[in-house]
Amino acid sequence: MDLRRVSFDLFKELLGGIPWARALEGREVQECWSLFKCHFLQAQEQCIPLRKKSSKGGRRPAWLNKELLVELRWKRKAHGMWKEGQATWEEYRNVVRACRDAMRKAKAHLELKLARDVKKKRRASSITSAAKGRLGTMSCAACCRQPCFGRGVGLDDAQRSLPAPIILCFCHSV
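To convert, take the position in the sequence shown, counting from 1, and add 74; that gives this note's numbering.
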């Protein structure tokens with residue numbers, strides 16, 4: 075559905091033109107719901123245009139970036155040139171090896187990036203859970219096991235109003 079091009083006036087007119095009191099009179103709840111749903115879906119079909127499916131670009135793997143796509147196109151072109159006899163087997167083989175190497179590096183880079191994100195999230199969650207945890211002083215479970223300021227202990231009014239994830243370990247702010 076293309077919700078940017080909805081005709082709300084027509085939608086309101088179609089649903090508003092039905093005398094609901096008379097249409098729903100003497101019916102049970104399930105019947106009323108199915109009647110309303112039927113009218114609603116018909117109005118939706120008339121007022122909300124359908125969008126065509128997006129192109130293949132949205133369905134490519136996460137590691138397949140623009141530079142790699144250019145390299146893959148060059149590989150296809152080199153294959154065609156080799157088949158036609160315009161390039162040697164060694165030239166084509168070098169292009170294939172370079173493309174394979176670039177793909178391997180892109181996949182490894184994505185894996186490393188995902189691992190870093192997971193590690194960051196894990197660290198952030200342990201810090202915030204330590205900050206939210208107990209009242210009074212507590213130790214920082216995430217890194218240094220030094221005493222930290224808990225919620226409300228040794229803080230002024232402005233600091234007490236901050237949410238718990240912002241009140242972190244004292245040693246992290248140094």
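All residues carry an ideal CB built from backbone N, CA and C; glycine is no exception.
Could you compute how far the alpha carbon of residue i sits from the alpha carbon of residue j?
{"i": "Phe-85", "j": "Arg-134", "result": "37 Å"}
{"i": "Glu-165", "j": "His-153", "result": "10 Å"}
{"i": "Gln-104", "j": "Phe-114", "result": "15 Å"}
{"i": "Glu-87", "j": "Ala-117", "result": "9 Å"}
{"i": "Ser-108", "j": "Leu-124", "result": "23 Å"}
{"i": "Ala-95", "j": "Arg-78", "result": "32 Å"}
{"i": "Pro-257", "j": "Phe-82", "result": "Absent from the model: residue 257. The displayed extent of the chain is 75 to 248, so no value can be given."}
{"i": "Pro-221", "j": "His-183", "result": "For Pro-221, the predicted model reports a pLDDT of 49, less than 50, meaning its position is unreliable; a value from the coordinates is still stated below. Roughly 37 Å between the two C-alpha positions."}
{"i": "Leu-89", "j": "Glu-102", "result": "20 Å"}
{"i": "Trp-156", "j": "Leu-143", "result": "20 Å"}
{"i": "Ala-106", "j": "Cys-112", "result": "Reading off the sequence shown, one finds Cys at residue 106, where the question assumed Ala. Answer to the nearest angstrom: the Cα atoms are 10 Å apart."}
{"i": "Arg-171", "j": "Val-192", "result": "32 Å"}
{"i": "Ala-198", "j": "Gly-159", "result": "58 Å"}
{"i": "Leu-186", "j": "Arg-147", "result": "26 Å"}
{"i": "Gly-100", "j": "Cys-121", "result": "30 Å"}
{"i": "Trp-137", "j": "Gly-91", "result": "52 Å"}
Can you look up residue i in the DSSP assignment and give me helix, strand or coil?
{"i": "Val-169", "result": "helix"}
{"i": "Gly-210", "result": "Residue placement at Gly-210 is flagged as unreliable, the pLDDT there being 45, under the threshold of 50; a coordinate-derived value is accordingly withheld."}
{"i": "Gln-90", "result": "The sequence shown places Gly at residue 90, not Gln. Gly-90 falls in the helix class under three-state DSSP."}
{"i": "Val-192", "result": "helix"}
{"i": "Ser-81", "result": "coil"}
Hey, residue i and residue j are a contact pair by Cβ (cut 8 Å); roughly how many whole angstroms apart?
{"i": "Lys-194", "j": "Val-169", "result": "Not really, about 37 Å apart at Cβ, beyond 8 Å."}
{"i": "Cys-173", "j": "Glu-141", "result": "Not a contact, Cβ separation roughly 11 Å."}
{"i": "Asn-139", "j": "Ala-180", "result": "7 Å"}
Extract the residue ranges of the alpha helix (DSSP H) inside the segment 99 to 161, only unbroken runs of 4 or more that lie entirely within it. Here the runs fully enclosed are 103 to 121 and 140 to 158.
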